Structures are given as C-alpha cells and as structure tokens.
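Notes for the one structure printed next.
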Amino acid sequence: MPGSKKILAISGSLRKGSSNHNILRFLGTIMPADFDYAIYDGLAQLPHFDPGFDNDKPPAQVTEFRELLNAADGIIICTPEYAFGVPGSLKNALDWTVSSGSLDNKKVALITASTGGQNAHAAMLLILGALNAELSADETLLIPFIRAKMDSEGNLTDALTIESLKATFQNLITRIA
Ligand SMILES: Cc1cc2nc3c(=O)[nH]c(=O)nc-3n(C[C@H](O)[C@H](O)[C@H](O)COP(=O)(O)O)c2cc1C
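Counted the way numbering that gives the first Met the number 0 counts, the sequence shown spans residues 0 to 176.
Here it is as structure tokens:
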C-alpha cells in the first residue's frame, strides 16, 4: 500500500525452524493491514565486517541492508543468545551500521528469545544504545525457555508469552503510526 509504514524484522538466528524466526512470523500475522512487514533474509550473506571495505562503495549486500534499514519506519530484532553473547551474524550486521548511522534515531523493538538470554539481551541494549537507536523499555522483551513455549511446528503455545509479544509489538506500532 503506497505510503504505508514499513517494519523490517531481523532474526539473530540463521537456523532452519528457528524459534526467533517463528516469533517474527507470528508478529507478521498480527500486523495491522496498513503496515508493510518484511523479514530480512540476507543476514547469512553479509560479508564479515571489515573497516577497510566500509567506504563509499561497500559490498552490494551491505548497501542493500542499509537501504532496507533506511526505508523502514521501525525495526524489530528477535535474537537468541549464543555462548553468553549476541550471535556473531547479528553483531556482524550491526557493525556494518555504525558508520552509516542506519539505526540512528530509528525506532527499534528488541526481543531476546533463548534458553536464558539475559546476557545477549543486556549486550543488545548496549549495542543499540551505541548505534543511537530509539528504544523504549516497553518495546523490549526477554523470553527465556523459548523452546518450551512452542509446539513442534513452531507455533507459540504459552498464553503469557503471546500476550507479552502482542503488547511489545503494539507499543512499537503505536510509536511509529
Ligand atoms: C552454540 C550455541 C550456544 C548457545 N548458548 C546459549 C547461551 O549462552 N545462552 C542461552 O540462553 N542459550 C544458548 N543456546 C541455546 C539457544 O538459546 C537455543 O538453541 C535457541 O532456541 C536458539 O534460537 P533459535 O531457536 O531461534 O535458533 C545456545 C545454542 C547454541 C547452538
């Protein structure tokens, strides 16, 4: 729809059948009709961050990623924790946005869905702060034991988690509407 608000969703997990990806798919189903919603699928193709290539002509995948971020009115990041930290592929993507300022004053919601996830969640808040993203406390959500809150098809089964996700998402929608 022309003029509709755009939300770009990014999953920190590349895994087929990922819980984080399934959460983003669920959010797509509750998106207001006048919003344009896309899940970014280029994370695995982004080259490793190299300041030497972070110039006027960066790799094509980086340019495309930055353009998608620039065009979005809001970003939603949903990530697991690996080894007490942020998954490398997600951190790599975020490193490409430091010099471009693609997240500068951008409205971002953060969901960390993992076994525990506290460390990645805290690290993501720091990283997004460094990138000058606009985050609001009611648009951040930590979901521990995520695998126990989904069925084998990746559908959310935990009522409280579904409600928390809806509320978090609605807050982002309201902020950018
Ligand atoms: C290499 C590896 C390291 C992990 N380390 C952590 C960890 O430090 N903390 C945590 O909460 N979960 C950890 N997990 C478990 C993940 O949170 C869990 O597998 C989660 O479901 C992954 O997200 P996904 O389903 O979207 O792929 C780890 C998983 C893997 C594969």
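Think of the CB as a built atom: it goes at the ideal place given N, C-alpha and C, for glycine as much as any other residue.
Source: prediction; values computed, not measured.
(Q) Comparing C-alpha positions only, which one of 106, 51 and 116 sits nearest to residue 175? (A) 106
Q | Runs of beta strand (DSSP E) wholly within the segment 65–91 (minimum 3 residues, chain order) | A | 73–78
Q: Count the CB pairs spanning the segment 119–131 and the segment 97–104 that are closer than 8 angstroms, and state whether there are at least three.
A: yes
Q) Which value, in whole angstroms, describes the spacing of the CA atoms of residue 25 and residue 145? A) 14 angstroms
(Q) Following a CB-centred definition, is residue 114 positioned closer than 6 angstroms to any heavy atom of ligand 1? (A) yes
Q | Every unbroken beta strand (DSSP E) within the segment 30–62, with a cutoff of 3 residues, ordered by chain | A | 34–38
Q | Own chain partners of residue 138 with C-beta closer than 6 angstroms, once the 5 adjacent residues on each side are dropped | A | 108, 167, 170 and 171
(Q) Measuring CB atoms only, is the segment 37–51 touching the segment 115–123, in the sense that at least three cross pairs come out at less than 8 angstroms? (A) no
Q) What residue ranges within the segment 100–143 form continuous beta strand (DSSP E) runs of no fewer than 3 residues, ordered along the chain? A) 106–112 and 133–142
Q | ligand 1 heavy atom lying under 6 angstroms from the CB of residue 92 | A | no
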